Every structure is written in C-alpha cells, then in structure tokens.
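Undergrad:
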Amino acid sequence: MHGSMLLRFVLITSAIVLQLASSNVIIQKVEEKVENECNLSENLINEIRGYKNVVLKITDQILNGKFKGEVHKSLQTFTDKFGSRMAGSDSLEKSIDYMEALLKNEGLENVHTEEAKVPHWIRGYESATLVLPRKAKIGLLGLGTSVGTPQGGIIADVVAVRTFDELRKLPDSKVKGKIVVFAPEWEGYGATSNYRKSGASEASKKGAIAALIRSATPFSIGSPHTGSQTYDQGVRKIPAACITVEDAEMIWRMYNEGETVQIHLEMDDYNLEQVTSRNTVSELQGSKSPNKSVVILSGHLDSWDVGVGAMDDGGGAFISWKAVKFLKDMGLRPKRTIRSILWTAEEYGYYGAKAYEREHKKNEAEEFNFLIESDTGTFDPVGLAFTGNKEAECIFREILSLMIPLNATQFDTPASAPDLSVWINRGFPGASLLNKNDKYFWFHHTQGDSMLVEDPGSLDRGVALFASTAYIIADLSIDIPKVIKN
Ligand SMILES: [Zn+2]
Numbered sequence: 017m018h019g020s021m022l023l024r025f026v027l028i029t030s031a032i033v034l035q036l037a038s039s040n041v042i043i044q045k046v047e048e049k050v051e052n053e054c055n056l057s058e059n060l061i062n063e064i065r066g067y068k069n070v071v072l073k074i075t076d077q078i079l080n081g082k083f084k085g086e087v088h089k090s091l092q093t094f095t096d097k098f099g100s101r102m103a104g105s106d107s108l109e110k111s112i113d114y115m116e117a118l119l120k121n122e123g124l125e126n127v128h129t130e131e132a133k134v135p136h137w138i139r140g141y142e143s144a145t146l147v148l149p150r151k152a153k154i155g156l157l158g159l160g161t162s163v164g165t166p167q168g169g170i171i172a173d174v175v176a177v178r179t180f181d182e183l184r185k186l187p188d189s190k191v192k193g194k195i196v197v198f199a200p201e202w203e204g205y206g207a208t209s210n211y212r213k214s215g216a217s218e219a220s221k222k223g224a225i226a227a228l229i230r231s232a233t234p235f236s237i238g239s240p241h242t243g244s245q246t247y248d249q250g251v252r253k254i255p256a257a258c259i260t261v262e263d264a265e266m267i268w269r270m271y272n273e274g275e276t277v278q279i280h281l282e283m284d285d286y287n288l289e290q291v292t293s294r295n296t297v298s299e300l301q302g303s304k305s306p307n308k309s310v311v312i313l314s315g316h317l318d319s320w321d322v323g324v325g326a327m328d329d330g331g332g333a334f335i336s337w338k339a340v341k342f343l344k345d346m347g348l349r350p351k352r353t354i355r356s357i358l359w360t361a362e363e364y365g366y367y368g369a370k371a372y373e374r375e376h377k378k379n380e381a382e383e384f385n386f387l388i389e390s391d392t393g394t395f396d397p398v399g400l401a402f403t404g405n406k407e408a409e410c411i412f413r414e415i416l417s418l419m420i421p422l423n424a425t426q427f428d429t430p431a432s433a434p435d436l437s438v439w440i441n442r443g444f445p446g447a448s449l450l451n452k453n454d455k456y457f458w459f460h461h462t463q464g465d466s467m468l469v470e471d472p473g474s475l476d477r478g479v480a481l482f483a484s485t486a487y488i489i490a491d492l493s494i495d496i497p498k499v500i501k502n
C-alpha cells in the first residue's frame with residue numbers, strides 16, 4: 017500500500033480495543049444502535065443466512081482439501097521467479113506476461129490485460145556517509161521519483177528537525193545549502209509517511225540541497241524503507257532518501273547537542289519517460305448477468321525494488337485471483353461475474369487503477385457492484401473493513417456474520433483500499449481485508465519483504481474469506497446499494 021488509509025484503520029481498531037478494555041456496556045450499545053438502524057427485510061436476511069453452507073464448503077475445501085497451501089506455494093514460485101517488480105521495470109512486465117499465461121492455464125475466464133502509463137524511475141548507486149562529527153556509514157534508500165546528486169555527490173552541513181513546522185520557523189539563511197534531516201516521531205503511517213512524501217519539497221522551499229527522512233516504520237533493525245515522494249509544482253527538485261530510524265534519531269541528537277553534523281550524499285537516481293504497463297484481469301463469469309454488477313477482487317502486482325514484494329502486495333494479489341480460481345474449480349458459479357484485477361504501479365500512486373477508472377468510466381455505475389482489495393498484508397484474517405452507505409452496510413454486516421468458520425467476523429470502517437479508493441471515495445461500496453497486521457510496517461518497502469513474512473495457513477484463510485464474501489455478493493438477488501458522486 018502507498019496511501020494513508022491504514023492510519024485511520026489503526027486508529028479505529030485501537031478505539032475499539034479501548035472500548036473493550038473499559039466497558040462492555042459501550043460495545044453493547046454500539047451493536048444495538050447498528051441493529052436498530054438496519055431495516056433489512058426478513059426475506060433478505062433469510063436469503064443471506066442461506067449461504068451458511070456455501071461458506072462452510074468453501075472454507076473446508078480451502079483449509080482442509082486439495083487447495084490447502086496452494087496460494088503460498090504459487091506465490092513462492094512467482095516471487096522466486098521474478099523477485100521485485102517495480103513499475104517501469106522489465107521484471108514487472110515479465111511477471112505480468114507470466115500471470116496472463118498462468119491465469120489462462122488455470123482455467124480462468126476472459127483473461128486479458130489493460131494498458132496503463134506508469135512512472136519509470138531508476139535507482140542508481142546510492143551512498144551516504146556521516147563525515148562530522150565522526151565518520152560512519154548511513155543506511156539509506158532513495159525515494160521513488162527522486163533526482164540524483166551531481167556526480168561525486170554533495171558534502172554539506174545538516175539541519176535536523178522533527179516537524180515541518182520546526183523547519184518553516186527557521187530563517188531561510190539557516191537552511192540554505194544544507195541537507196535537511198527529518199526525524200519525525202512515529203505517529204502512525206499516514207502522519208509519518210507525510211515526511212517521506214513531502215520532505216524534499218518542504219526542504220527545497222527553504223533552500224536546502226537534499227532531504228534525508230526517517231523511514232516510515234514504528235520498529236527498526238537498521239533497514240531503510242523506500243517509498244514514493246512527490247515534488248510540489250515549481251520547487252527545485254532536490255535528492256530525497258529515507259534513512260534508518262536509528263540514524264535519523266542519532267543525527268537529530270547530535271545536531272541538538274550543538275555538534276556540526278556533515279554528510280556526504282551520493283545518489284545516481286534519475287527519472288525516464290513514462291512507459292506502458294498493464295493491469296491483469298481474469299474472471300469467473302456470472303451465470304445470469306456476466307457483463308454488469310461485477311464484484312471485483314484485487315491487489316497490486318508491482319512492488320518496490322527491495323525485497324520481493326511478497327507482502328506488499330504479492331499476498332493480496334494472489335488471494336484475489338486464487339479466490340476466483342477456487343470458486344471455479346469448486347463449481348460455484350454465481351449469478352454475477354467475479355473479476356480479479358491485479359493492478360499495476362500502485363506504489364507510485366494508483367496509476368493502474370486510475371487508468372482502469374478512466375477506461376471504464378462510461379458505464380461504471382452499471383458495471384461495478386462491489387469492490388474488494390487486500391493491500392495491508394495477508395497475515396491471519398480477522399474480518400473485513402467496509403465503506404458504503406447505511407443500507408449497504410447492513411447487508412454487508414449480515415454477510416460478514418457468516419464468516420464464523422474462518423473466525424473472521426470483525427467489522428471495521430472505513431475500508432483500507434488504496435487502489436479502489438478511486439471508486440470507493442465516490443460512493444461505490446467496497447471492502448478490504450482486516451488482518452493481524454500489527455507488524456506490517458516492520459517489513460514494508462524494505463529488503464525484508466520476503467516469503468518469510470507469508471504464512472500458508474493465513475493465506476488459506478484469507479483466500480477463503482475473499483472467495484466466500486465475493487461469491488455471496490455476486491449471487492444475491494439484489495445489488496449492493498450505492499449513491500455515486502462524480
Ligand atoms: Zn501495497
């Protein structure tokens with residue numbers, strides 16, 4: 017994931033935990049309120065509850081039957097074969113070719129790709145050395161779209177701050193020609209990753225010549241975390257990189273103790289023209305209405321160039337298409353189509369999803385019924401997060417209550433779905449995987465994003481939850497209600 021949605025999810029989750037800890041009465045009241053606001057007909061409630069045995073069947077076959085462990089095995093083959101898959105890279109395009117062939121081979125329907133223009137940034141040689149007050153290597157990773165330094169690098173004094181406010185209050189003369197080190201405290205991904213996103217622009221506005229930013233993670237064992245950044249219009253583009261939490265904190269301390277801190281920074285990173293990539297689409301076509309009210313299951317296939325993108329977002333992509341494949345193999349064909357979309361170039365800001373939105377805009381209200389995404393890890397699932405209107409929520413809660421065999425009935429709102437936000441923010445109902453991802457940001461955008469993070473049993477439960485939910489929504493007698501804003 018790239019956006020700030022996980023922050024809200026974390027805040028809401030902790031609010032619920034607090035309530036749980038302080039008073040059961042509050043929880044009861046919240047539940048009663050929801051119950052009272054729902055006016056689903058007895059018929060609809062009975063219809064939804066009628067899918068109980070379908071959930072049992074799907075769960076049993078995936079957790080105990082021939083599909084057991086298949087998602088993990090298949091994801092492992094994929095990540096071992098292609099490694100990292102950064103937008104603009106040959107590796108990503110080859111992995112898309114491979115997926116298109118694999119999806120056809122696996123018997124999925126209407127398999128094809130749809131084009132999207134994506135950024136093409138090259139990470140060159142990168143190095144940072146603390147020169148003063150003592151010599152030491154600094155762990156860093158340049159940020160996607162960052163420009164490089166002149167050849168041989170730059171040597172400059174450091175100004176270290178915790179916040180943008182602190183930087184803005186400094187006289188320009190104090191920042192001009194310096195390297196700004198941002199050492200924000202961890203306040204959740206959304207707040208802290210803002211420094212990654214805008215650090216270079218803010219530093220440049222004050223006349224700085226480079227920005228080094230604390231990695232966006234609550235925990236570190238010396239790994240820098242990469243990610244995307246953007247230059248505000250009109251600012252001079254200066255090199256931007258994330259450094260380890262350890263180094264950011266140490267430099268901040270040295271600076272505040274009055275030391276002269278000097279860094280030699282060399283980055284040979286550069287941007288090329290955008291290239292054409294592709295979203296990868298496959299379906300289980302609906303028995304009654306194959307071309308409208310489609311249910312989407314999705315994750316993104318691109319990753320950063322460090323690690324192998326097994327967690328971000330190989331797991332999410334693979335539970336999405338495998339859910340469709342398993343339903344087909346089980347002979348469970350719903351009335352409406354379930355479509356898996358493996359997005360491209362999410363990491364630079366949803367380039368694949370935005371291109372898909374533009375291409376499908378004309379009939380989007382008829383085309384899309386419900387959108388589901390996994391991009392916050394595929395650890396053990398606990399439920400689904402939802403965004404949509406009240407009526408849709410009531411139907412969704414009823415469906416979610418059937419996920420008892422998976423121990424995944426937790427409801428949360430809003431959904432944390434970066435790619436799908438292009439639709440969900442305009443009123444389309446959607447959901448995202450809720451999972452035990454409290455360690456997600458430990459690995460996020462680092463060399464540590466590997467298959468070691470992925471557990472076969474958790475992937476099985478995640479894919480069973482996706483398959484069950486998508487099947488019920490695609491098979492119900494009614495569409496999920498929505499009010500679309502443009
Ligand atoms: Zn992601």
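The opening residue of the sequence shown carries number 17 in the working numbering; numbering runs sequentially from there. Idealized CB from N, CA, C, for every residue including glycine. Remember, predicted model here, so these are calculated numbers, not experimental data.
Going by the C-beta, is residue 329 closer than 7 Å to any heavy atom of ligand 1?
TA: The count along the sequence shown starts at 1 and reaches residue 329 at position 313. Yes; taking the cut-off as 7 Å, the Cβ of residue 329 has a heavy atom of ligand 1 nearer than that.
Undergrad: Does the Cβ of residue 470 lie closer than 7 Å to at least one heavy atom of ligand 1?
TA: Along the sequence shown, one-based indexing puts residue 470 at 454. Residue 470 Cβ: outside cutoff for every heavy atom of ligand 1.
Undergrad: Any heavy atom of ligand 1 closer than 7 Å to the beta-carbon of residue 241?
TA: Taking the sequence shown and counting its residues from 1, the one referred to as residue 241 is at position 225. Because no heavy atom of ligand 1 lies under 7 Å away, the Cβ of residue 241 does not count as near it: no.
Undergrad: Would residue 95 and residue 112 be called neighbours here (beta carbons separated by less than 8 Å)?
TA: Position 79 of the sequence shown, counted from the first residue, corresponds to residue 95. Position 96 of the sequence shown, counted from the first residue, corresponds to residue 112. No. Outside cutoff.
Undergrad: So, helix, strand or coil for residue 240, using DSSP?
TA: Taking the sequence shown and counting its residues from 1, the one referred to as residue 240 is at position 224. Coil at residue 240, not helix or strand.
Undergrad: Would you say residue 391 touches ligand 1, meaning its beta carbon is less than 7 Å from a heavy atom?
TA: Taking the first residue of the sequence shown as 1, we reach residue 391 at position 375. Yes, Cβ of residue 391 sits closer than 7 Å to a heavy atom of ligand 1.
Undergrad: If you draw a straight line from the alpha carbon of residue 401 to that of residue 109, how long is it in whole angstroms?
TA: Here the question's residue 401 lines up with position 385 in the sequence shown. Here the question's residue 109 lines up with position 93 in the sequence shown. For residue 401 and residue 109, the distance between alpha carbons rounds to 31 Å.
Undergrad: Can you name, in chain order, every residue of its own chain whose Cβ lies under 6 Å from the Cβ of residue 55, other than the five neighbours on each side?
TA: As a first step, residue 55 is located in the sequence shown; it is residue number 39 there, counting from the start. Correct list: empty, nothing qualifies.
Undergrad: Would a check of beta-carbon distances place residue 70 closer than 8 Å to chain D?
TA: In the displayed structure, chain D is absent; only one protein chain is listed.
Undergrad: According to DSSP, simplified to helix, strand and coil, what is residue 147?
TA: On the sequence shown, position 131 is the one that residue 147 refers to. Here residue 147 sits in strand by DSSP.
Undergrad: For residue 396, does the three-state DSSP call read helix, strand or coil?
TA: In the sequence shown, the residue the question calls residue 396 occupies position 380. Coil, per DSSP.
Undergrad: Would DSSP call residue 54 helix, strand or coil?
TA: Residue numbering aside, residue 54 sits at position 38 when the sequence shown is read from its first letter. Coil, per DSSP.
Undergrad: Where do the N-terminal and C-terminal ends of the beta strand (DSSP E) with residue 310 fall, by residue?
TA: Here the question's residue 310 lines up with position 294 in the sequence shown. Its beta strand (DSSP E) spans residues 310–316.
Undergrad: Going by the DSSP bridge assignment, what does residue 102 pair with across the sheet?
TA: The count along the sequence shown starts at 1 and reaches residue 102 at position 86. DSSP output for residue 102 lists no bridge partner at all.
Undergrad: Determine whether the beta carbon atoms of residue 258 and residue 240 lie at a separation below 8 Å.
TA: The residue you call residue 258 lines up with position 242 of the sequence shown. The residue you call residue 240 lines up with position 224 of the sequence shown. Contact flag set, yes.
Undergrad: Applying the 10 Å Cβ sphere with the 16-neighbour rule, what's the burial state of residue 366?
TA: Position 350 of the sequence shown, counted from the start, is the residue given in the question as residue 366. It counts as buried.
Undergrad: Terminal residues of the continuous alpha helix (DSSP H) containing residue 189?
TA: As a working note, residue 189 is residue 173 in the sequence shown. 188–191 is the extent of the alpha helix (DSSP H) around residue 189.
Undergrad: Is it the case that the CB of residue 142 approaches a heavy atom of ligand 1 more closely than 7 Å?
TA: By 1-based counting over the sequence shown, the position of residue 142 is 126. Result no, Cβ not under 7 Å from ligand 1.
Undergrad: Compute every distance between the C-beta of residue 316 and the non-hydrogen atoms of ligand 1, then say whether any falls below 7 Å.
TA: Residue numbering aside, residue 316 sits at position 300 when the sequence shown is read from its first letter. Checking every heavy atom of ligand 1 against the Cβ of residue 316, one is found closer than 7 Å.
Undergrad: Taking the DSSP output, what are the residues bridged to residue 451?
TA: Position 435 of the sequence shown, counted from the start, is the residue given in the question as residue 451. Residue 451 is bridged to 397.
Undergrad: Among 236, 383, 208 and 310, which has the Cα closest to the Cα of residue 506?
TA: What is shown of the chain runs 17 to 502, which leaves residue 506 out entirely.
Undergrad: Taking one C-beta from the segment 297–304 and one from the segment 313–328 each time, how about it: are there three or more such pairs within less than 8 Å?
TA: Touching, no.
Undergrad: List in chain order: all unbroken beta strand (DSSP E) runs of 3+ residues lying wholly within the segment 298–369.
TA: Listed in chain order, they are 310–316 and 354–359.
Undergrad: Taking 8 Å as the threshold, find out whether the segment 481–499 comes into contact with the segment 419–426 through three or more Cβ pairs.
TA: Touching, yes, given that three or more Cβ pairs across the two stretches are closer than 8 Å.
Undergrad: Skipping 5 residues on each side, what residues in its chain have a beta carbon closer than 8 Å to that of residue 124?
TA: Within the sequence shown, the letter at position 108 stands for residue 124. Counting only Cβ-Cβ distances below 8 Å, and skipping sequence neighbours, we find 298, 299, 300, 337, 340, 341, 344 and 356.
Undergrad: Per DSSP, what kind of secondary structure is residue 541 in: helix, strand or coil?
TA: Since the first residue shown for the chain is 17 and the last is 502, residue 541 is missing from the structure and cannot be characterised.
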